[in-house]
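Report on the structure given below.
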Amino acid sequence: LTDWIKGQTHWRRNVLSTTWKFLDEGLKDRAVTRDLDWGVTVPQPGFERKRIYVWFEAVIGYLSASREWARLQGDDTAWQAFWHDDAKSFYFVGKDNIFFHTLIWPAMLMGYGSLNLPYDVPANEFLTIEGKKLSTSRGWAIWVHDYLERYASDALRYTLAVNMPETGDSDFSWREFLRRNNNELVATYGNLAHRALTFAYRNFDGTVPVPGELNECSQSLLNRAKVTLDTVDELLSRCDFKSAVKEAMSLAQQANRYLDEEAPWKTIKMERSPDKIGTANSVYTALSVLAALKTIFYPFLPFSSEKLHSFLGFGGSVEEPGWEIQFLPPGQKLRQPQPLFVKLDEDIVAKESSQLGFLEES
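Using the numbering used here, the first residue of the sequence shown is number 53, and each one after it goes up by one.
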């Protein structure tokens, strides 16, 4: 077990440090049963009043669930694809469950033999709300079904992704949520999409412009989009989600600067050629970057990515082309664009914050 841990240099620092702390202190024997009248029974005579310790049997659920899934698919051997050969397993847990996934479960798998050990255990630290520990009993929590009645899911997904407690505890606040939504989703990514799509829709008969030879700035931005796709792919494989989503937003920021510099709303007034080739180049480039961003942002913002996919005139789903930049055909018919994100009012901060702790007060 120790030799195997030594080879997991790609794990997060907090996961490795916690695991090594237990190993350095020396692993102690642990009882795998409890004296309870509920839980999973011990299938041995004389143990009728014993129940299997929850964290001993719970991790086995990863294996048994995959076998049950295979049975339901009508192929009893399908589960093996997840546990043999080059399959990589990722266990997303909180930091209080690191021990069970980096030591107990691997030890059990080693004892059983022939099954793949965890490839990565990207455990997060703790997330607080407005500086306090979450507590559903005291009402210091945010229930997703309540949230979804008032706000878009992608806004929360983005805020949590950029503020994920990957290497240290972090805090969720409604003011931060408001800032991320209005300043980044709306003013940066949403602004890019709205400017490029509405301009193309109004000035190029609702179609993707047909470009000519692109200038150096345009080529540079398109190359940056390809690099960003590869970079985000690598970051996702390392479970570095905060860096991945920031890399995606950085591309949107650069594309906005590109539009500011190219200023198609100015060049179109000076165009002499009927095909408006100079303006067409910059607008086509911006739309092509959006075609890249719909894929790059998809792991974090799936709903807005699907909307953008449709606005650009594509059919089907964002997922269908796979993890690659989908070529944007010149002349493709655009769908009438709508805002990707909704700007929120300042007063939601006080309103939502006042709902926290309502059970404690009552």
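Backbone N, C-alpha and C define an ideal beta-carbon position, used for all residues, glycine too.
Residue i: which of the options sits nearest, CA to CA?
i: ASP292; options: ARG64, THR211 and THR54; result: ARG64
i: LEU281; options: ALA344, GLY409, MET162 and ILE320; result: ALA344
i: LEU75; options: ASP127, ALA159 and PHE108; result: ALA159
i: ASN235; options: THR54, LEU53, GLU398 and LYS73; result: GLU398
i: GLY409; options: TRP195, PRO373, PHE251 and ILE150; result: TRP195
i: GLU100; options: ALA110, ALA277, TRP107 and THR85; result: THR85
i: GLY365; options: TRP375, PRO373, LEU380 and GLY374; result: LEU380
i: THR240; options: VAL106, GLY191 and MET301; result: MET301
i: PHE256; options: GLN125, THR331 and GLY98; result: THR331
i: TRP107; options: ASN66, TRP72 and LEU155; result: LEU155
i: VAL297; options: LEU88, THR70 and LYS346; result: LYS346
i: HIS246; options: VAL335, ASP223, GLN96 and PRO326; result: VAL335
i: LEU169; options: SER222, LEU115 and SER189; result: LEU115
i: GLY113; options: PRO97, LEU161 and LYS73; result: LEU161
i: ASN333; options: GLY98, PRO382 and PRO95; result: PRO382
Using the C-alpha atoms, what's the distance from residue j back to residue i?
i: VAL284; j: GLY220; result: 22 Å
i: GLY78; j: HIS153; result: 17 Å
i: GLY91; j: ARG103; result: 6 Å
i: SER270; j: PHE393; result: 26 Å
i: LYS80; j: LEU212; result: 37 Å
i: SER141; j: THR61; result: 16 Å
i: SER414; j: LYS184; result: Per-residue confidence for SER414 stands at a pLDDT of 46, beneath the threshold of 50, marking its modelled position as unreliable; the derived number appears in the next sentence. Going by the C-alpha atoms only, they are around 18 Å apart.
i: HIS136; j: ARG290; result: 21 Å
i: ARG324; j: PHE144; result: 58 Å
i: GLU299; j: PHE178; result: 24 Å
i: GLU314; j: SER225; result: 37 Å
i: LYS267; j: GLY165; result: Contrary to the premise, residue 267 reads as Asn rather than Lys in this sequence. Those two C-alpha atoms are separated by around 59 Å.
i: LEU287; j: GLN305; result: 19 Å
i: MET322; j: GLN407; result: 55 Å
i: PRO4; j: LEU167; result: What is shown of the chain runs 53 to 414, which leaves residue 4 out entirely.
i: GLN125; j: TYR171; result: 25 Å
i: PRO373; j: ALA277; result: 16 Å
i: ILE320; j: ALA204; result: 35 Å
i: GLU201; j: ASP127; result: 40 Å
i: LYS403; j: LEU273; result: 41 Å
i: SER248; j: VAL279; result: A small correction: the amino acid at residue 248 is Ala; Ser does not occupy that position in the sequence shown. Cα-Cα distance, rounded: 21 Å.
Taking Cβ positions, are residue i and residue j nearer each other than 8 Å?
i: LEU186; j: ALA193; result: yes
i: LEU311; j: ALA338; result: yes
i: TYR210; j: ARG232; result: yes
i: VAL260; j: GLN384; result: yes
i: TYR253; j: GLN378; result: no
i: ASP206; j: PHE363; result: no
i: VAL214; j: LYS395; result: no
i: GLY242; j: PRO391; result: yes
i: ALA139; j: THR129; result: no
i: ILE181; j: GLY264; result: no
i: VAL341; j: ARG227; result: no
i: TYR105; j: ALA83; result: yes
i: LEU386; j: GLY258; result: yes
i: THR70; j: ILE57; result: no
For the alpha helix (DSSP H) that contains residue i, what are its first and last residues?
i: SER116; result: 112 to 124
i: PHE224; result: Taken as a continuous stretch (DSSP letters only), PHE224 belongs to no alpha helix (DSSP H), being part of the beta strand (DSSP E) at 222 to 224.
i: ARG309; result: 293 to 314
i: THR259; result: Counting along the chain, THR259 falls outside any alpha helix (DSSP H), and DSSP gives it neither H nor E.
i: ILE57; result: 54 to 58
i: SER357; result: 354 to 363
Between which two residues does the beta strand (DSSP E) holding residue i run?
i: THR129; result: Note, THR129: premise wrong, no beta strand (DSSP E); not H, not E.
i: THR180; result: 179 to 181
Between which residues of its own chain and residue i is the CB-CB distance below 7 Å, once the five residues before and five after are set aside?
i: TYR199; result: LEU208
i: ARG119; result: TRP131
i: LEU353; result: ASP206, ARG209 and TYR210
Please go through the same chain and pick out, in chain order, the residues whose beta-carbon is closer than 8 Å to the beta-carbon of residue i, but skip the five residues on each side of it.
i: SER369; result: GLU358 and HIS361
i: GLU317; result: Here the sequence assigns Trp to residue 317, which means Glu is not the residue at that position. Contacts found: PHE251.
Leaving aside the five residues before and after residue i along the sequence, list all residues of the same chain whose C-beta is less than 6 Å from its C-beta, in chain order.
i: LYS147; result: ALA175 and GLU177
i: ASN308; result: LEU244
i: TRP157; result: VAL111
i: VAL67; result: ILE150, VAL173 and ALA175
i: SER295; result: LEU287
i: PHE349; result: ALA300 and SER357
i: LEU88; result: ARG103
i: LEU53; result: ALA159
i: GLY229; result: The question names Gly, yet the displayed sequence has Phe at residue 229. Same-chain partners within the cutoff: THR211.
i: ASP327; result: none
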